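Those letters in the sequence shown? Residues 27 to 246, per this note's numbering, in order.
Heads up, the beta-carbon is just placed ideally off N, CA and C, and yes, glycines get one too.
In this text the structure is predicted, and so the values were computed from the model without any measurement.
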Amino acid sequence: MLIVDIVLETADTTGFTLWPVAGLPPYRPLALSGRMTPDEVGSAMAALARHTVGASDDDPPAPDAAALVRRMLAEEEISVDGGLRFRHTGLDVTVNPGCCCGLRDWRDWSSLVTDGEVPWLGHDPTPRVELAEATVRLWPDGGFAAEPPPTRPVGIPVADLPGILRSVQDDLRGFLGLVERWAARRVPDQARELTDRLDADLAVTAPLPGRHTGGLAQVV
């Protein structure tokens, strides 16, 4: 069975006290959806803040949640590392987005359907993507090697990608709804602006390109 999640990379929240966060290790994928706990939403927001604002010795720490969110909103774009995670339970294979792959780039997978363009999935390790006729083949690493790894890849029919992306978009919409509630409680004066910016900067609710049929993929 193939399970596809939209994930972001968690931040190091040691000593973070501006709002509650889950006890998650840093630099690990956190799946986004409408099923997250409040503390998981807090961890996701901390990761977004850390990646967007950064940490500079020249800037004093934000004194409260509202101040940190204001700094986020002052940036040109709210961003975080992440993307689509593919997990095949039968093969026990997981393909995570590589380093520096941006969460907002999740829509790049639609290019495989529209023009056969393979998305970039980051590096260290670099996942390998190959388009073979009507099937996408994925490996967790080996992206720059001349030959694919000897392990069996995860295979996804290209015709199933639109359905996968619709499911991913539904999860992002669910996450955005939780953020709206989180912000109304933690930073009420900035709740609407924050929700709207996340929607735009992470490309959540805009229509997906084209109209296709297809369901969730099965592995070949």
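So does Thr115 have its beta carbon nearer than 7 Å to some heavy atom of the ligand ZN? Ligands are entirely absent from the displayed structure, and the ligand ZN is therefore not among its contents.
I'd like to check one pair, Leu129 with Gly108: are the Cβ atoms closer than 8 Å? yes
Please list the terminal residues of the continuous beta strand (DSSP E) segment that includes Val162. 161-165
Check for me: the beta strand (DSSP E) holding Gly108 runs from which residue to which? 108-114
Using only the alpha-carbon positions, how far apart do Thr152 and Gly168 sit? 6 Å
If you reduce the DSSP assignment to three classes, tell me which class Glu156 lands in. strand
If you follow the beta strand (DSSP E) that Ala57 is in, where does it begin and where does it stop? 55-57
Going by C-alpha distance, which of Leu58, Ala57, Val95, Glu66 is nearest Ala75? Val95
Compute the Euclidean distance between the alpha carbons of Asp118 and Asp215, then round it to the nearest angstrom. 45 Å
Do you know offhand how far Pro175's Cα is from Ile190's? 25 Å
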